[in-house]
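Numbering (our numbering), first residue to last: 830 to 1016.
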């Protein structure tokens, strides 16, 4: 169940209370969580290339002022590995506050563990500074990877990616720095 209100820029909306009536469900609703925040230590973000210091991990640092950015090329992408299969409800991508148009033409895909495509979006258009693009997935099961493919001969650049869904049956295992963890044992 969703309740949504939208306003035009010049409109005001005021209300004191909203009451929703209905039958109590047989089972309690399963909460939708931000998987990229909840499992930040287990999610790996990579990119086809890196422009200057705009690294892939900046796509999930919750800082709209930082960006991931690839080189300009024919097959530029940013990929997020959830670390386990999950059921997804939506993906949000926030365009850069700098060169927002570098997200135009990009396509978002969701893949399963074997790399089979489960979802492909239409090309993104109308990217402006800080605009959030939401891709509704309605409980897409078996998702492991989220990939953003840039338009040909264009830099791929955006600020944030957030993936929402249900708690996975098998939580992903956190990624650790083995060199630091076992520094004393390494010769």
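Glycine is no exception: its CB is placed at the ideal position from the N, C-alpha and C atoms.
None of these values were measured; they are calculated from a predicted model.
Nearest to residue 890 (by Cα), restricted to the options 989, 950, 922: Per the Cα distances, 989.
Nearest neighbour of residue 941, chosen from 882, 884, 912, 877 [CA to CA]: 912
Simplified DSSP state of residue 980, which is helix, strand or coil: coil
Exposed unless 16 or more other CB atoms sit within 10 angstroms - verdict on residue 985: buried
3 or more residues per run - each beta strand (DSSP E) lying fully within the segment 866 to 924: 873 to 876, 906 to 923
Buried versus exposed, by CB contacts within 10 Å (16 or more), residue 957: exposed
Nearest to residue 887 (by Cα), restricted to the options 895, 880, 904: 895
Residue 905 burial status per 10 Å Cβ neighbour count (16 or more: buried): Burial call: buried.
Residue of 995, 860, 991, 978 minimising C-alpha distance to residue 969: With distances taken between Cα atoms, residue 969 lies closest to 995.
Selected residue, minimal CA-CA separation from residue 1078, among 865, 867, 898, 893: In this structure the chain extends from 830 to 1016, so residue 1078 is not present and cannot be described.
Simplified DSSP state of residue 947, which is helix, strand or coil: It is a strand residue.
Span separating the alpha-carbon of residue 973 from that of residue 931: 25 Å
Residue(s) in a DSSP beta bridge with residue 845: Beta-bridge pairing links residue 845 to no other residue.
7 Å Cβ cutoff met for residue 861 and residue 962: no
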